[in-house]
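The opening position of the sequence shown corresponds to residue 350 in this note's numbering, with each subsequent residue numbered one higher.
Every residue gets a Cβ at the ideal spot worked out from N, C-alpha and C, and that includes glycine.
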Amino acid sequence: MGLYGEHVLPRGVNWCMARPEFAEQRAAVLADVAGRVLELGFGSGLNLEHYPSAVSEVVALEPSRVARRLAAERVARSPLPVVFEGLDGASIPLADASVDAVVSTWTLCTIADVESALREVARVLRPGGILRFLEHGLSPEPGVARWQHRLNPIQKLFAGGCHLNRRIDELVQASPLRLEAVEQFTMRGPRVASHLYRGTARRAPRPRTT
Ligand SMILES: C[S@@+](CC[C@H](N)C(=O)[O-])C[C@H]1O[C@@H](n2cnc3c(N)ncnc32)[C@H](O)[C@@H]1O
């Protein structure tokens, strides 16, 4: 990775993702997570202050060294224990059924092998555990979608592999997880990156034995 990807991009992402209207969205998506939580694409730790008190530990997976460094201050300030484990959501170095919840905010757009990542999420979740996600993706508005497809190659180049045009609901639906709920809405901001998918998917509970 060159100077831009390694140094400039994570600082730019940290600045851009700290928008106050994003903070509101973070709090909403994290409101009902509990226990041991894996956060995919932890970035600079902007979700940390929004975790509810029912969370006991955050396992942070983040490939960018600079983003991990930018997160250090937030990690130090947080009352939660945070441990860094792993670099790629498509290969999570955790045991099967070892976390209660997985969180992904603005990250499923970027993971290159997102199908494998969702399979990994299902593997590390305990039976009945949840994935909470908040992601930008393909707009239902044809005019916006057309621009998302057009601009996607440029976005991928300058935003570390981020796709503008992923159908997040379909990706989750095609995974081993059960999609329980998904809302779509559009935030303020550049229209090609402002259509959001917020939802919950669950690993099937263990079948009852009688
Ligand atoms: C737009 S940022 C979002 C950061 C953070 N989740 C947030 O809400 O502020 C996307 C993040 O995904 C990370 N990322 C890129 N490829 C990844 C991968 N294969 N697995 C996990 N995370 C990845 C990036 O380093 C970056 O921190």
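C-alpha distance - residue i paired with residue j, whole-angstrom precision
i	j	result
L545	L457	12 Å
A380	Y400	7 Å
R557	G478	16 Å
R516	A494	11 Å
A461	E370	27 Å
P539	V415	26 Å
Q497	G354	22 Å
L480	A450	6 Å
Q504	S427	33 Å
A542	R360	19 Å
E373	A530	19 Å
A425	R499	41 Å
P489	E434	36 Å
A421	L467	27 Å
Nearest candidate by alpha-carbon position, reference residue i, set the options
i	options	result
S413	T558, D518, M536 and G510	G510
R547	E519, R540 and R557	E519
S453	G361, V382 and L358	V382
E532	T549, L526 and S543	T549
R319	M536, Q374 and Q522	No information on residue 319 is available, as it lies outside the stretch 350 to 559 that the chain covers here.
V404	V448, L467, L506 and M536	V448
A356	R417, H485 and W455	The sequence shown places His at residue 356, rather than the Ala named in the question. Closest by alpha carbon: R417.
A367	W455, S402, L352 and F482	W455
Test item: CB-CB of residue i and residue j under 7 Å
i	j	result
I441	V463	no
L487	N501	no
V408	V432	yes
L419	N363	yes
P525	A444	no
R423	L387	no
Own chain residues within Cβ distance below 6 Å of residue i, not counting five before or after
i	result
L436	P412
E406	R385 and P430
S465	A439
A446	R475
R375	N396 and H399
M350	none
Residue burial classification, residue i (beta-carbon count within 10 angstroms, cutoff 16)
i	result
F534	exposed
R586	Because the chain in this structure spans residues 350 to 559, residue 586 falls outside the shown range and cannot be described.
G394	buried
L358	buried
G392	buried
E484	buried
L352	exposed
Same chain, Cβ closer than 8 Å to residue i, neighbours up to 5 away in sequence not counted
i	result
T459	G390, A508, G509, G510, C511 and H512
E469	G438, A439, S440 and I441
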